[in-house]
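Working notes for the structure below.
Now the structure itself:
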């Protein structure tokens, strides 16, 4: 597992930088205008000209600063993001996020489940996401009174077709359509020695797969990593990135403001128009599962013509070259030209058959008349 600082262009944990104050030549120009007031009529006219020009330049400069700020902010998609003060969350008439189950809005976080047995909760975005390339940054905290391996069960981040449907998979429905990233804090599989919990894993489902709780989802797992995220005194983050059909999960859980690789899977095909959400569940064991923020960024990515053709929209979630029951890659849809040719030649064949039938029928009638006379 490697660690690295975010590359240029990657959103950081802090807010976008604010436009700098105007300095240098602009201030000198304006001061020169003020100094010209006592220089007589021509000096006053020159001063007035400087002021008008200075104000014009000031307006342009402020406009440029504002444009830069908008360009920085436009990558953060607020309609798919959740942050303090959580205004309108759970409101029936307004807001972009719905609460489900035992989820509660607090001052500093949204608590999916409290440190109490047999609870489940979720928060779901109301707006479907049609972005092609995106990055979801999750700021979370898991904490409770239970000792190691006496806590549970974890939480999930979802990008799925269906929303607001409770179920057994970290508080959401099984046999889902889409992507699930699971932060699993309790090992269910007995005699499990290959991995250390808490453990982060990912799963893509086309609706035909069932999450195997007894084996901690191993049969359908795309990849994963150990992540010691419980009862920490510093902030914990994970990032889910989807670019050019590549799914990447990175974590920042050591308080060093560095991303560490966790999951990297090529050939992941996710349809657009699905919903983001997060859910959690507790059973006999429990924890506080808190979401501090969910921030979705639109990523601008250049593509070659070949990549454009390869990355055209899909209608079912699938992972290329993944040999799981029911997860084979679907056949590529026919192009418009191929479909036209098939229809055209089918019509020609039908017309040809009709003509042949008419000819045969006419000959049969002629033979019948000759035989009659």
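Numbering (the UniProt record's numbering), first residue to last: 1 to 373.
Here a beta-carbon is modelled for each residue, glycine too, at the ideal position from N, C-alpha and C.
Original post:
Under 7 Å between the Cβ atoms of residue 155 and residue 112?
Top reply: yes
**OP:** Within the same chain, show all residues whose beta-carbon is closer than 8 Å to that of residue 108, passing over the 5 residues directly before and after it, in chain order.
**Re:** 84, 292
Subject >> C-alpha distance - residue 193 paired with residue 187, whole-angstrom precision >> reply: 10 Å
Original post:
Nearest-angstrom Cα distance between residue 362 and residue 307?
Top reply: 57 Å
**OP:** Could you spell out the range, first to last residue, of the beta strand (DSSP E) harbouring residue 135?
**Re:** 134-143
**OP:** Taking the CB atoms as reference points, tell me whether residue 271 and residue 314 lie closer together than 7 Å.
**Re:** yes
Subject >> Cβ separation of residue 200 and residue 182, assumed to be a contact under 8 Å, to the nearest whole Å >> reply: 7 Å
Original post:
What are the boundary residues of the alpha helix (DSSP H) that residue 310 is part of?
Top reply: 305-310
Subject >> Segment limits, beta strand (DSSP E) that includes residue 225 >> reply: 223-226
**OP:** Decide if residue 364 is buried, meaning its Cβ has at least 16 other Cβ atoms within 10 Å, or exposed.
**Re:** exposed
Original post:
DSSP state of residue 363, grouped into three classes?
Top reply: helix
Subject >> Span separating the alpha-carbon of residue 144 from that of residue 223 >> reply: 27 Å
**OP:** Identify whether residue 352 lies in helix, strand or coil by the three-state DSSP scheme.
**Re:** helix
**OP:** Sort out for me which residues DSSP pairs residue 251 with in a bridge.
**Re:** 238, 260
Subject >> Assigned exposure category for residue 323 - 16 Cβ within 10 Å defines buried >> reply: exposed
Original post:
Alpha carbon to alpha carbon, what distance is there between residue 139 and residue 98?
Top reply: 18 Å
**OP:** Measuring alpha carbon to alpha carbon, tell me which of 274, 255, 150 ends up nearest residue 117.
**Re:** 150
Subject >> Neighbourhood of residue 104 by C-beta distance below 6 Å, restricted to the same chain and skipping five residues each side >> reply: 111
Subject >> Same chain only: Cβ atoms within 7 Å of residue 172, ignoring 5 sequence neighbours per side >> reply: 122, 156, 158, 165, 166, 279
Original post:
Taking Cβ positions, are residue 178 and residue 274 nearer each other than 7 Å?
Top reply: yes
**OP:** Starting from the Cα of residue 268, find the closest Cα among 348, 227, 213, 203 and give me that residue.
**Re:** 203
Subject >> For residue 346, the residue or residues it bridges with in DSSP >> reply: DSSP lists no partner for residue 346.
**OP:** Indicate the three-state DSSP secondary structure (helix, strand or coil) for residue 289 in the structure shown.
**Re:** strand
Original post:
From this set, 161, 226, 337, 216, which residue's C-alpha is nearest residue 250's C-alpha?
Top reply: 226
Original post:
For the beta strand (DSSP E) that contains residue 120, what are its first and last residues?
Top reply: 120-125
Subject >> Under the three-state DSSP convention, the category residue 176 falls into >> reply: coil
Subject >> Where residue 374 sits in the DSSP three-state scheme >> reply: The structure shown does not extend to residue 374, since the chain is modelled only from 1 to 373, so the question has no answer here.
Subject >> Where residue 130 falls, given that 16 or more other Cβ within 10 Å makes a residue buried >> reply: exposed
**OP:** Give the C-beta separation of residue 146 and residue 285 to the nearest angstrom, bearing in mind that I take them to be a contact with Cβ-Cβ under 8 Å.
**Re:** 6 Å
Subject >> DSSP three-state assignment for residue 202, whether helix, strand or coil >> reply: strand
**OP:** Classify residue 154 as helix, strand or coil using the three-state DSSP reduction.
**Re:** strand
Original post:
Closest by CA to residue 91, which one among 264, 120, 124?
Top reply: 124
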